[in-house]
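Working notes, structure below.
Number of protein chains: 2
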Amino acid sequence: MKYYSISEAAALCNIPETTLRYYDKKGLLPLIERDEAGRRMFSETQMALLQTVICLKNTHMPISSIRQYMAWIVEGEATLELRLDMMRKHKQKVLQEIAMLTGYLPAIDEKIDRYLKQLEEKTT
Amino acid sequence: MKYYSISEAAALCNIPETTLRYYDKKGLLPLIERDEAGRRMFSETQMALLQTVICLKNTHMPISSIRQYMAWIVEGEATLELRLDMMRKHKQKVLQEIAMLTGYLPAIDEKIDRYLKQLEEKTT
DNA sequence: TGTTGACTTGGACCATGGTTTAACCTTTAT
DNA sequence: ATAAAGGTTAAACCATGGTCCAAGTCAACA
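For the protein sequence lines, the chains are G and P, in the order given. Residue numbering for the first sequence follows this note's numbering, starting at 61 and increasing by one per position. Residue numbering for the second sequence follows this note's numbering, starting at 61 and increasing by one per position.
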């Protein structure tokens, strides 16, 4: 089984090493293995979990919730419903955020169009 | 011309008064008028500008950039191109954000589906 | 007249999400 | 043996976006 060092993991995920250590400290990377020298070893499984962390972080889930989610994963089957519920709620949040951003696009376009017109008038 | 007090403005925009004062302090509400007692008076024009501030803030433009944009508005015609450029870039940012969030939806759906299946298996 | 309610201020405080620092520990290559 | 490369830690520091507090002003009403 291949293991990645923290620098390899960081490079693969395109994220600073310091951030990975910070996530570990915050409990976002449970069950992370260490070698004899105490260095973090990222297994393929860990890399997959890390991808999940990054997905949740990029979709603006707070660190504290990501920690809770990862803790539930470690707990196993008993927390399936909790995780399902959390993901469903999170999906709704993401959809709402997309809707909000999309909803503002016309207002932004309006300003762009107005400035274009005004610039045109200025030069004519 | 109708003027709104800070509490009315706050209520209309559904935003705390403290945040409005904070925005003013940060230079996001230029040209705001005051009555004899020093109280802020929001004209219809100010309310429209405030809507713009809220639009930009909700679409994640940093306070410092919003301040720059508002300062350009005050400067007038000479800054039309700068404002146009800023809005175009901002629109691209918003589109990218929408794309990123949308791009993560399948990963979230996958988790939801997986949990649903696992729960089904558990009860069968 | 006094007190109530809405407003003002500067500055302290807070939460979030990292980033930096300083001192230290292992391998490995020279 | 020693230095460079890559890793460790706790704790301090930072930026962002507010939020809260104490002390004061002002207008109106009992």
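The beta-carbon is built from N, C-alpha and C at its ideal position, and this holds for glycine as well. This one's a predicted model, so the numbers in the text were calculated from it and none came from an experiment.
Checklist entry - So is lysine 117(P) in contact with chain G if we call contact Cβ pairs under 7 Å? => result no
Checklist entry - When you compare each of Leu179(G), Leu88(G) and Thr79(G) to leucine 109(G) by their alpha carbons, which one comes out closest? => result Leu88(G)
Checklist entry - DSSP beta-bridge partners for alanine 101(G)? => result Here residue 101(G) is methionine; the residue named in the question, alanine, does not match the sequence. Glu93(G), per the DSSP bridge assignment.
Next on the checklist: At the level of alpha carbons, what is the spacing between cysteine 73(P) and tyrosine 63(G)?
Outcome noted: 52 Å
Item to check | Residues in the region 162-184 of chain G having any Cβ partner in chain P nearer than 8 Å | outcome: Thr162, Tyr164, Leu165, Ala167, Ile168, Asp169, Lys171, Ile172, Tyr175, Leu176, Gln178, Leu179 and Lys182
Checklist entry - Out of curiosity, what's the CA-to-CA distance linking lysine 153(P) and threonine 183(P)? => result 46 Å
Checklist entry - Counting only runs that start and end within the region 135-183 of chain P, where is the alpha helix (DSSP H) found for 4 or more residues in a row? => result 140-183
Checklist entry - chain G partners of isoleucine 123(P), CB-CB under 7 Å? => result Within 7 Å Cβ-Cβ: nothing; isoleucine 123(P) doesn't reach chain G, min ~17 Å.
Checklist entry - Is leucine 179(G) near leucine 140(P), with beta carbons less than 7 Å apart? => result yes
Checklist entry - Which of the residues in the region 134-153 of chain P, read from start to end, lie with their CB under 8 Å from any CB of chain G? => result Glu137, Leu140, Glu141, Arg143, Leu144, Met147, Arg148, His150 and Lys151
Next on the checklist: Three or more C-beta pairs under 8 Å: does that hold for the region 93-101 of chain P against the region 109-124 of chain P?
Outcome noted: no
Checklist entry - When the Cα atoms are used, what is the spatial distance from tyrosine 164(G) to asparagine 118(P)? => result 9 Å
Item to check | CB contact below 7 Å: isoleucine 75(P) versus chain G | outcome: no
Checklist entry - Just reading off the alpha helix (DSSP H) that lysine 85(P) is part of, what are its end residues? => result 77-85
Next on the checklist: For glycine 136(P), tell me which candidate among Leu91(P), Glu157(P), Arg174(P) and Leu176(P) has the shortest Cα-Cα distance.
Outcome noted: Leu91(P)
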